[in-house]
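Peer 1:
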Amino acid sequence: MPDLLRTDSLVEPPLPPDFYDRDVVQVARELLGKRLYRHSRDGVVAGRIVETEAYLATGDSACHAARGRTRKNVSMFGPPGRAYVYSIHARWCLNAVTQPRGVPSAVLIRAVQPLLGIGRMQRRRKSQRTVDLARGPSRLCEAFQIDRRLDGWDLSRGQRLWLTHDPDDPLPDHCIGNSPRIGVTSALDLCLRFYLRDNHYVSGPKRLRI
DNA sequence: CTACCGATTGACT
DNA sequence: GTCAATCGGTAGA
2 MPDLLRTDSL VEPPLPPDFY DRDVVQVARE LLGKRLYRHS RDGVVAGRIV
52 ETEAYLATGD SACHAARGRT RKNVSMFGPP GRAYVYSIHA RWCLNAVTQP
102 RGVPSAVLIR AVQPLLGIGR MQRRRKSQRT VDLARGPSRL CEAFQIDRRL
152 DGWDLSRGQR LWLTHDPDDP LPDHCIGNSP RIGVTSALDL CLRFYLRDNH
202 YVSGPKRLRI
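Be aware that the first sequence starts at 2, since it is given in this note's numbering, and climbs by one per residue.
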């Protein structure tokens, strides 16, 4: 299995900027099942994306750009296909920036299923349970060694941090669940969280995983 | 400079 | 389920 994965990953090119230069909700749905790769000093880790959330340019009070541009959220304004990494509660979270330049929108990557470099993730996370290594946006960043230094990074370069298609992709609609976003205190009426149904690696309470 | 706040997590009931 | 530790970013004095 690791050999198969290794072969696939080397042939598969990174998702191009065009993939991200579309409606943020569409991108959030399509990122499910894609692979996330991180190549850092001590090697490569990878996982399959199982949970995302969309943050909208307009009508979304929970979006970090809702009150305009600041030093922290500049990456959200584009260009598409860059990383937006921000800190919350003394931890980091990873987003993929979407839509044309100047439109502040992004997809939060909330959880991945670890595929490659599990031992490395266990050491970084100080946890043995594979299911807990990258279930939750900041756990994911700890396992993948992602912090502010990757804010603004070009995800289409295929270096340090990138995404690819997965052999299973695209996924049928009936596999995809939808709910309000987790942890936000406003815009609770918006159902902008997407996840793979019945997947162990999805975060949140059980009722938000089926 | 101080005073909050939060797209979280882990420990605990 | 509840709760508090955590610290970077922001706003304001």
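Ideal Cβ placement from N, Cα and C applies to all residues, glycine included.
What's the C-alpha gap between C192 and V185?
Peer 2: Counting from one through the first sequence, the residue named residue 192 turns up at place 191. Counting from one through the first sequence, the residue named residue 185 turns up at place 184. In a straight line, the C-alpha of C192 is about 12 angstroms away from that of V185.
Peer 1: Relative to the C-alpha of A58, which candidate in S76, D43, C142 and V46 has its C-alpha closest?
Peer 2: Locating residue 58 in the first sequence gives position 57, where the first residue counts as 1. The candidate whose alpha carbon is nearest that of A58 is S76.
Peer 1: Between the alpha carbons of S48 and R149, how many angstroms are there, rounded?
Peer 2: Working through the first sequence from its first residue, we reach residue 48 at position 47. Working through the first sequence from its first residue, we reach residue 149 at position 148. Reading the sequence as shown, one finds Gly at residue 48 and not Ser. So the two alpha carbons sit approximately 20 angstroms from each other.
Peer 1: Flag this pair as yes or no: are the beta carbons of S157 and G103 separated by less than 9 angstroms?
Peer 2: In the first sequence, residue 157 corresponds to position 156, counting from 1. In the first sequence, residue 103 corresponds to position 102, counting from 1. Their beta carbons are not under 9 angstroms apart, which means S157 does not touch G103 by this criterion.
Peer 1: Using only alpha-carbon positions, find the residue among L151, I177 and Y196 that is nearest to W93.
Peer 2: Translated into positions along the first sequence, residue 93 becomes position 92. When only C-alpha atoms are compared, the closest one is L151.
Peer 1: Does the Cβ of L189 have 16 or more other Cβ atoms within 10 Å, making it buried, or fewer, making it exposed?
Peer 2: By 1-based counting over the first sequence, the position of residue 189 is 188. So L189 ends up on the exposed side.
Peer 1: Do L172 and G34 have their C-beta atoms within less than 9 angstroms of each other?
Peer 2: Here residue 172 refers to the residue found at position 171 when the first sequence is read from its first residue. Here residue 34 refers to the residue found at position 33 when the first sequence is read from its first residue. Against a cut-off of 9 angstroms, the Cβ pair of G34 and L172 comes out as a contact.
Peer 1: Given a cut-off of 9 angstroms, decide if A55 and L109 are closer than it, judged by their beta-carbon atoms.
Peer 2: As a working mapping, residue 109 is identified with position 108 in the first sequence. As a working mapping, residue 55 is identified with position 54 in the first sequence. The answer is yes: Cβ separation under 9 angstroms.
Peer 1: Cα separation between D155 and D199?
Peer 2: Position 154 of the first sequence holds residue 155. Position 198 of the first sequence holds residue 199. Each residue's Cα considered, the two are about 32 angstroms apart.
Peer 1: Is the separation between the beta-carbon of D114 and that of Y196 shorter than 9 angstroms?
Peer 2: Sequence index remark: in the first sequence, residue 114 carries index 113 (1-based). Sequence index remark: in the first sequence, residue 196 carries index 195 (1-based). According to the sequence provided, residue 114 is Gln. The question's Asp does not apply to it. No.
Peer 1: Please say whether L162 and L37 have beta carbons closer to each other than 9 angstroms?
Peer 2: One-based indexing of the first sequence puts residue 37 at position 36. One-based indexing of the first sequence puts residue 162 at position 161. Yes, the pair counts as a contact, with Cβ atoms nearer than the cut-off.
Peer 1: Near T53, what residues of its chain come up, given a Cβ to Cβ distance below 7 angstroms and the 5 sequence neighbours on each side ignored?
Peer 2: Along the first sequence, one-based indexing puts residue 53 at 52. Same-chain partners within the cutoff: A29, L32, L33, V108, L109, I110, R111 and F195.
Peer 1: Excluding sequence positions up to five away, which residues of its chain have a Cβ less than 8 angstroms from the Cβ of Q129?
Peer 2: As a working mapping, residue 129 is identified with position 128 in the first sequence. The answer, listed in chain order, is Q123.
Peer 1: I'd like the span of the alpha helix (DSSP H) that includes G1, first residue to last.
Peer 2: Since the first and last residues shown for the chain are 2 and 211, residue 1 lies out of range.
Peer 1: Between G205 and the rest of its own chain, which residues show a CB-CB distance below 7 angstroms, the 5 nearest in sequence each way excluded?
Peer 2: The residue you call residue 205 lines up with position 204 of the first sequence. Excluding residues within five positions, the ones whose Cβ falls inside 7 angstroms are I183.
Peer 1: Pull the bridge partners of C94 from the DSSP assignment, please.
Peer 2: What you label residue 94 is simply residue 93 of the first sequence in a count that begins at 1. DSSP, once it has assigned bridges, lists Y87 as partnering C94.
Peer 1: In this structure, how does DSSP classify R145 when only helix, strand and coil are distinguished?
Peer 2: Walking along the first sequence from the start, residue 145 turns up at place 144. Looking at the sequence shown, residue 145 is not Arg but Phe. Looking at F145 - three-state DSSP - the assignment turns out to be coil, as it is neither helix nor strand.
Peer 1: Please state whether DSSP places P47 in a helix, a strand or coil.
Peer 2: The residue you call residue 47 lines up with position 46 of the first sequence. For the sequence presented, residue 47 should be read as Ala rather than Pro. Strand, per DSSP.
Peer 1: Taking only the alpha-carbon atoms, compute the straight-line gap between D43 and G137 and give it to the nearest angstrom.
Peer 2: As a first step, residue 43 is located in the first sequence; it is residue number 42 there, counting from the start. As a first step, residue 137 is located in the first sequence; it is residue number 136 there, counting from the start. Going from the Cα of D43 to the Cα of G137 covers about 23 angstroms.
Peer 1: Excluding the five sequence neighbours on either side, which residues of its own chain have a C-beta within less than 7 angstroms of the C-beta of E13, listed in chain order?
Peer 2: Sequence index remark: in the first sequence, residue 13 carries index 12 (1-based). Excluding positions up to five away in sequence, the list reads T165 and H166.
Peer 1: For Y196, write down the residues that DSSP places opposite it in a beta bridge.
Peer 2: Walking along the first sequence from the start, residue 196 turns up at place 195. DSSP, once it has assigned bridges, lists E52 and G178 as partnering Y196.
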